[in-house]
Structures are given as structure tokens and as C-alpha cells.
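Q: Numbering (UniProt numbering), first residue to last: 1 to 129.
Cβ atoms here follow ideal geometry from the backbone N, Cα and C, with glycine treated the same way.
If you're wondering where the values come from, they're calculated on a predicted model, not measured in any experiment.
Rendered as C-alpha cells:
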């Protein structure tokens, strides 16, 4: 089972992921954990064994407090081995955000509204690695 940490300040994101990945969750393919801020995500990752369990982080870029880009920077700086894969999500798919995310070590960059069929394919490919 692959544990995925979803970081987004919008509370309805949890319900959305649980609906869209209902079958994969039920079959034990994926397990989702949710953090509603960058600070909450870091706190979660700092607890063992959570860090070693999380294989992928899906993080919104624009959040109050710590941005997703700052979270990405801290994850890549403080947890370099093994680094979890990090996919950034934003409603503002501008070149500056994309370039900064890639510069900081993001593995992918997704735009809102999320195309869940595409996301599911990407996650299933990761599950075979």
C-alpha cells in the first residue's frame, strides 16, 4: 500500500479524494492522509514512522501561512534521503510557479481543477515502481 499525504487548506479536498479513489482505498492500493497546512504536513512528517511511510506528497501551492513551495523546499532540504516524491498543485498554472517548483525539486506540477483520471494513472504508475 502506498501512503499519500495530501496538503491543501480546502477542507472539501479530503472528501473529493476519498470519493475519486474509493475503489483504490478499499482495495488497499492507496492510503491517503490529509494535512490542511504546510505546518501541519511538516509536523506529521516529523513523527516517525510517518516520514518513512509517505511515498508521495500532493501539495497545493497557495495556502495561508506556509506556502506549498516553502513546504517543498523544507522537505527537500530536511529530508533528502529518501526524498518522497512531491507533486505540486495550483489553480494558478503560471510559468513562474512551475519553474520555482521544478527548481526546488518537485516531481510533477498539476493544475486545478484536478483531472482525477490523469492523476489516478500517474499514481498507479508510481505504485508499480
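Give, in chain order, every unbroken run of the beta strand (DSSP E) that is at least 3 residues long and sits entirely within the UniProt domain "Response regulatory" (3-127).
A: 30-35, 54-60, 85-90 and 108-111
Q: Are the CB atoms of residue 66 and residue 42 within a distance shorter than 9 Å?
A: Numbered from its first residue, the chain shown carries residue 42 at position 42. Numbered from its first residue, the chain shown carries residue 66 at position 66. Their beta carbons are under 9 Å apart, which means residue 42 touches residue 66 by this criterion.
Q: Quick one: what's got a C-beta closer than 6 Å to residue 116's C-beta in the same chain, skipping five residues either side?
A: Here residue 116 refers to the residue found at position 116 of the chain shown. Closer than 6 Å at Cβ, skipping near neighbours: 20.
Q: Give every residue of the same chain whose Cβ lies closer than 7 Å to the Cβ of residue 53, excluding the five residues on either side of it in the sequence, and list them in chain order.
A: Your numbering for residue 53 matches position 53 in the chain shown. Excluding sequence neighbours, residue 53 sits near 3.
Q: Since residue 68 and residue 87 are thought to touch, with beta carbons under 8 Å apart, how far apart are those beta carbons, to the nearest angstrom?
A: Position 68 of the chain shown, counting from 1, holds the residue named residue 68. Position 87 of the chain shown, counting from 1, holds the residue named residue 87. About 10 Å; that fails the 8 Å criterion.
Q: Could you check the C-alpha separation between residue 84 and residue 5 for me, to the nearest Å?
A: Residue mapping note: residue 84 aligns to position 84 of the chain shown, counting from 1. Residue mapping note: residue 5 aligns to position 5 of the chain shown, counting from 1. Residue 84 and residue 5: Cα-Cα distance of roughly 10 Å.
Q: So, at 8 Å on beta carbons, what are the nonlocal neighbours of residue 76 in its own chain, with the 5 sequence-adjacent residues on each side left out?
A: Locating residue 76 in the chain shown gives position 76, counting from the first residue. Cβ within range, chain order: 83, 86, 104 and 105.
Q: Look at the Cβ atom of residue 30, then the Cβ atom of residue 123, and state whether they are nearer than 9 Å.
A: As a working note, residue 30 is residue 30 in the chain shown. As a working note, residue 123 is residue 123 in the chain shown. The beta carbons of residue 30 and residue 123 sit closer together than 9 Å.
Q: Skipping 5 residues on each side, what residues in its chain have a beta carbon closer than 6 Å to that of residue 7?
A: For the purposes of this step, residue 7 is identified with residue 7 of the chain shown, where counting begins at 1. So the qualifying residues of the chain are 35, 41 and 59.
Q: What residues in its chain sit with their C-beta under 7 Å from that of residue 73, if we drop five residues either side in the sequence?
A: In the chain shown, residue 73 corresponds to position 73, counting from 1. Excluding sequence neighbours, residue 73 sits near 104.
Q: Can you tell me whether residue 55 is buried or exposed, with buried defined as 16 or more other CB within 10 angstroms of its CB?
A: The count along the chain shown starts at 1 and reaches residue 55 at position 55. Looking at its Cβ environment, which holds 16 or more other Cβ atoms inside 10 Å, residue 55 is buried.
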